[in-house]
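Chemist: Residue numbers (full-length UniProt numbering): 1 to 188. The beta carbon of each residue, even a glycine, is placed where N, CA and C say it ideally should be. Quantities reported herein were computed from a predicted structural model and do not represent experimental measurements.
1. Go through its chain and collect everything with a Cβ distance to residue 71's Cβ below 7 Å, but skip five positions before and after it.
2. Are residue 56 and residue 49 close, meaning C-beta to C-beta below 7 Å?
3. Could you check what DSSP says for residue 113 in three-state terms: helix, strand or coil?
4. Can you tell me whether residue 90 is helix, strand or coil according to DSSP?
5. Do you know whose CA, among 47, 33, 32, lies nearest residue 117's CA?
6. Have a look at residue 89 and residue 79 and give me their C-alpha separation to the nearest angstrom.
7. Under the three-state reduction of DSSP, which class applies to residue 85: helix, strand or coil?
8. Under the three-state reduction of DSSP, which class applies to residue 61: helix, strand or coil?
9. Please list the terminal residues of the continuous alpha helix (DSSP H) segment that includes residue 154.
10. Within the same chain, show all residues whose beta-carbon is closer than 6 Å to that of residue 98, passing over the 5 residues directly before and after it, in chain order.
11. At the level of alpha carbons, what is the spacing between residue 44 and residue 140?
12. Of the choices 115, 138, 158, whose alpha-carbon is the least far from that of residue 182?
13. Going by Cα to Cα distance, which pick from 185, 111, 159 is closest to residue 143?
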């Protein structure tokens, strides 16, 4: 009598327990498909839109980024303008204060954009360009193994039906090999 872990008896042959679990894998593949494709599209579109919102150049250093921001251009223009005016005039003082504020805002914006790039854009790009394609590749491999599995399973059933005394040695090694590959992929 076989142990419960080893499998079950079917038509006079020992069928490993893994064979029984393979029937649930297609629904697992469907769940993967339903989750991965929308995640890939969302990551790509959000990344694209977020990058369009950034005012500085992506990947550039802080100083270069700050210099190219519209806020910094405004600050520079204000600085040049208030130098031409009387330092005691209200317009001169307003331009000087505005210059300092615009410069500070430009630096804060540049720091924020660098943080967004590092904390949001890079992980989104990694997800959509590296991790999701790997998962889809594993899914395709899993589907092929399921197909191989089903072929071997049907051969095993045919062999069992054609000969109740047969031990299934011709398909047993292929079946266990496919079962092992299937289990490894399910774990990944």
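Modeler: Checking against the coordinates, here is how it stands:
1. On the chain shown, position 71 is the one that residue 71 refers to. Within the same chain, residue 71 has close Cβ partners 102, 105, 106, 109.
2. The residue labelled residue 56 in the question sits at position 56 within the chain shown. The residue labelled residue 49 in the question sits at position 49 within the chain shown. Against a cut-off of 7 Å, the Cβ pair of residue 49 and residue 56 comes out as no contact.
3. Walking along the chain shown from the start, residue 113 turns up at place 113. If DSSP states are grouped into helix, strand and coil, residue 113 belongs with the helices.
4. Within the chain shown, the letter at position 90 stands for residue 90. The answer is helix: DSSP assigns residue 90 an H, G or I state.
5. The count along the chain shown starts at 1 and reaches residue 117 at position 117. Of 47, 33, 32, the residue nearest in Cα terms is 47.
6. The count along the chain shown starts at 1 and reaches residue 89 at position 89. The count along the chain shown starts at 1 and reaches residue 79 at position 79. Rounded to the nearest angstrom, the two C-alpha atoms are 14 Å apart.
7. Locating residue 85 in the chain shown gives position 85, counting from the first residue. Residue 85: coil per DSSP, three-state reduction.
8. The sequence position of residue 61 within the chain shown is 61, counting from 1. Here residue 61 sits in coil by DSSP.
9. Residue numbering aside, residue 154 sits at position 154 when the chain shown is read from its first letter. Start and end: 132-162.
10. Residue numbering aside, residue 98 sits at position 98 when the chain shown is read from its first letter. Correct list, in chain order: 78.
11. On the chain shown, position 44 is the one that residue 44 refers to. On the chain shown, position 140 is the one that residue 140 refers to. Counting only the Cα atoms, residue 140 lies some 21 Å from residue 44.
12. The residue you call residue 182 lines up with position 182 of the chain shown. Among 115, 138, 158, the Cα nearest to that of residue 182 is on 138.
13. Against the chain shown, residue 143 aligns to sequence position 143. Closest option to residue 143, Cα to Cα, is 185.
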